[in-house]
Amino acid sequence: MKKYVLVGAGNRGVYAYAIPMVKNYSDYVSLSGVYDVNPKRATLVSEITGAHIPVYDDFEKMLDEVKPDSVIVVCRDCDHDYYIIKAMEKGCDVISEKPLTTTFEKALAIKEAKDKYKKDLIVTFNLRFQPFFRQIKELIKSGEIGDILSIHYEWMLNTSHGADYFRRWHRERKNSGSLLIHKSTHHFDLANWFLEEDPVAVNAFGTRRFYGAQREEKSERCLTCPYKDTCEFYFDIEASDNDRRLYYECEDADGYFRDKCVFSDEIDIEDSLSVSVEYSGGAIMSYSLTAHSPYEGLNISINGTKARMEIKKTFKKIDGYSENAEESITVFTRDGKAKKIPVVESTSEGHGGADEKLRDMLFKEKTDDPLCQMADLRAGVMSIAIGMASNISLKEKRRVLIKEFLKDI
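As structure tokens, this is what we get:
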């Protein structure tokens, strides 16, 4: 039985890893230690899981005492590199939540450590495991649309999900690398996975005109805000047991507020983004991300030599538009015909059932992976390379070549 330790006891660490590992995978793995920069939050893991999991206030001490086979990294994006590299130095394999890291320099340092210590590194792109996206990958692999020529890719975050990135630590570029890295790494990885090509050049544009310093009526946080009774973005941190226990009741240990104002001057990331990407095989992609849409969903059009595939997905019911969340795949052939593809059913749990399938492959050590759903270091780097190059493009107002920073990945 393999021993694992967990770095990061926030919602993702607890509910995507700790609880399932204890309740559903105890025949395969042992969660043998937990560390978080907030010791109160780390201590809650044992209580929430109902298992006695040793809590450590020092990461290296945990590695030295537990001697785990693998370390699961689920902390702030900007800190991934430290824990990944230190784990490898101590002889551990690593499972890292996306994104792998936030800068080219950190990505290269992780690659150097992997080359030196020869340890395994998995980056968990759960969307690869969602039945809907797996079906799209299978259709592409089957030759349904021929060779891919271009992708038009739009992702919309609504003002519940999207706003949440602007009240948490993600709102500062130094922590998350911006939405281009923290959020879009999911989307860029899907495109890279569909294409099986590398991004080579990027040009990006972005603005922040919805969140940030757009209102005079604001405060440091929602809980104590004098405008909370009238603000449509009010977030009640005490309404959810998870948020109350893991964040509000742990604030005195590290001073982190989970409910900061989405109109704060502190925010320095964009809320509307447009990116053009050129790929090694000649395909091109136009991508946009909107973090303030009235509804949550995506539109992807993939143009191939044989046909065009149009993919649509809405994540929640929209009054006046649809009775339920919708998924559709339509293939338009060169002879002017349209074919609706029956969509395989997803579940309502864990990113449409993706998290469970991902955990099965992680912890039951399934080796059959015909679609390459399990992402390695290279896939992790290629997904964030688009976001990191986009950040440079935004800053320097120019087309950025990936090889300027990654010569041998």
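For the sequence shown, the numbering used here begins at 968 and goes up steadily by one. Note that CB positions come from ideal geometry on N, CA and C, so glycine has one too.
Buried or exposed (CB count within 10 angstroms, at least 16 for buried), cysteine 1339: Looking at its Cβ environment, which holds fewer than 16 other Cβ atoms inside 10 Å, cysteine 1339 is exposed.
Outcome for alanine 1180 when other beta-carbon atoms lying within 10 angstroms are tallied against a minimum of 16: Only exposed fits alanine 1180, as fewer than 16 other CB atoms lie within 10 angstroms of its CB.
Three-pair Cβ contact test at 8 Å for the stretch 1243 to 1253 versus the stretch 1108 to 1120: Using a C-beta cut-off of 8 Å, the stretch 1243 to 1253 makes contact with the stretch 1108 to 1120, since at least three inter-stretch Cβ pairs fall below that distance.
Continuous alpha helix (DSSP H) stretch holding glycine 1000: start and end: Looking at the DSSP string, glycine 1000 is not in any alpha helix (DSSP H); the run it does join, the beta strand (DSSP E), is 996 to 1002.
Proximal residues to aspartate 1131 (C-beta, below 6 Å), its chain only, five neighbours per side dropped: Closer than 6 Å at the Cβ level, and outside the excluded window around aspartate 1131, lies no residue.
Straight-line gap, isoleucine 1296 to valine 1310 (C-alpha atoms, nearest Å): Pairing isoleucine 1296 with valine 1310, the inter-Cα distance amounts to about 7 Å.
Cβ shell of lysine 1333 (< 6 Å), same chain only, five flanking positions each side left out: Apart from the 5 residues on each side of it in sequence, lysine 1333 has no Cβ closer than 6 Å to any other Cβ in its chain.
Whole-angstrom C-beta distance between valine 1167 and leucine 1368, which should lie under 8 Å: About 7 Å separates the beta carbons of leucine 1368 and valine 1167, which is inside the 8 Å limit, making them a contact pair.
Rounded straight-line distance, which links the Cα of lysine 969 to that of valine 989: Annotation: valine 989 to lysine 969 spans about 13 Å, alpha carbon to alpha carbon.
Limits of the unbroken beta strand (DSSP E) element including lysine 970: Element bounds for lysine 970: 969 to 974.
Integer Cβ distance of glycine 1144 from proline 1066, believed to fall under 8 Å: About 7 Å separates the Cβ atoms of glycine 1144 and proline 1066, confirming a contact at the 8 Å cut-off.
Residue(s) in a DSSP beta bridge with methionine 1123: In DSSP, methionine 1123 forms a bridge with Thr1257 and Gly1264.
N-terminal and C-terminal residue of the alpha helix (DSSP H) that leucine 1338 is part of: For leucine 1338, there is no enclosing alpha helix (DSSP H), as DSSP marks it with neither H nor E.
Coil, strand or helix - alanine 1305 by DSSP: Three-state result, alanine 1305: strand.
Beta-carbon separation (whole angstroms), glutamate 1152 vs glutamate 1237, contact threshold 8 Å: The question names glutamate, but residue 1152 in the sequence shown is threonine. So it is not a contact: roughly 15 Å between Cβ atoms.
Buried or exposed (CB count within 10 angstroms, at least 16 for buried), lysine 1331: Its Cβ having fewer than 16 others within 10 Å, lysine 1331 is exposed.
Pairwise C-alpha distance: phenylalanine 1224 and glycine 980: The straight-line gap from Cα to Cα measures roughly 18 Å.
CA nearest to the CA of methionine 1341, picked from Leu1157, Glu1312 and Lys1364: Ranking the options by Cα distance to methionine 1341, first place goes to Leu1157.
Beta carbon of phenylalanine 1096 nearer than 7 Å to that of leucine 1325: Yes, the pair counts as a contact, with Cβ atoms nearer than the cut-off.
Residue nearest to alanine 1292 in terms of C-alpha spacing, selected from Phe1071, Gly1058, Gly1264 and Lys1306: Checking every option, the nearest Cα to that of alanine 1292 belongs to Gly1264.
Glycine 1017 versus Ile986, Tyr1023 and Pro1006, residue with shortest Cα-Cα distance: Cα-wise, what sits closest to glycine 1017 is Ile986.
Spatial distance of serine 997 from aspartate 1375 (CA atoms): The straight-line gap from Cα to Cα measures roughly 36 Å.
DSSP beta-bridge partners of arginine 1452: No information on residue 1452 is available, as it lies outside the stretch 968 to 1376 that the chain covers here.
At least three beta-carbon pairs within less than 8 Å, the stretch 1049 to 1067 to the stretch 1077 to 1091: Verdict: yes, contact present.
Leucine 1378, DSSP secondary structure in three states: Lying before the first or after the last residue shown, residue 1378 is absent from the chain, which here runs from 968 to 1376.
Rounded distance between the beta-carbons of phenylalanine 1155 and glycine 1354, thought under 8 Å: So it is a contact: roughly 7 Å between Cβ atoms.
Where serine 1127 falls, given that 16 or more other Cβ within 10 Å makes a residue buried: Residue burial is scored here from C-beta neighbours: serine 1127 has fewer than 16 other C-beta atoms within 10 angstroms and is therefore classed as exposed.
Cβ shell of glutamate 1027 (< 7 Å), same chain only, five flanking positions each side left out: Around glutamate 1027: Lys1053.
Distance between beta carbons of glycine 1000 and valine 1033, contact taken as under 8 Å: Cβ atoms of valine 1033 and glycine 1000 come within 8 Å of each other, at about 5 Å.
Other residues of its chain near lysine 1104: CB distance less than 7 Å, five sequence neighbours each side excluded: Cβ neighbours of lysine 1104 beyond the five flanking positions: Trp1160, Phe1161 and Leu1338.
Sequence-distant residues of the same chain with beta carbon closer than 7 Å to arginine 1140, five excluded per side: Cβ-Cβ distances below 7 Å link arginine 1140 to Asp1235 and Ile1236 in the same chain, with the five nearest sequence neighbours on each side left out; the list follows chain order.
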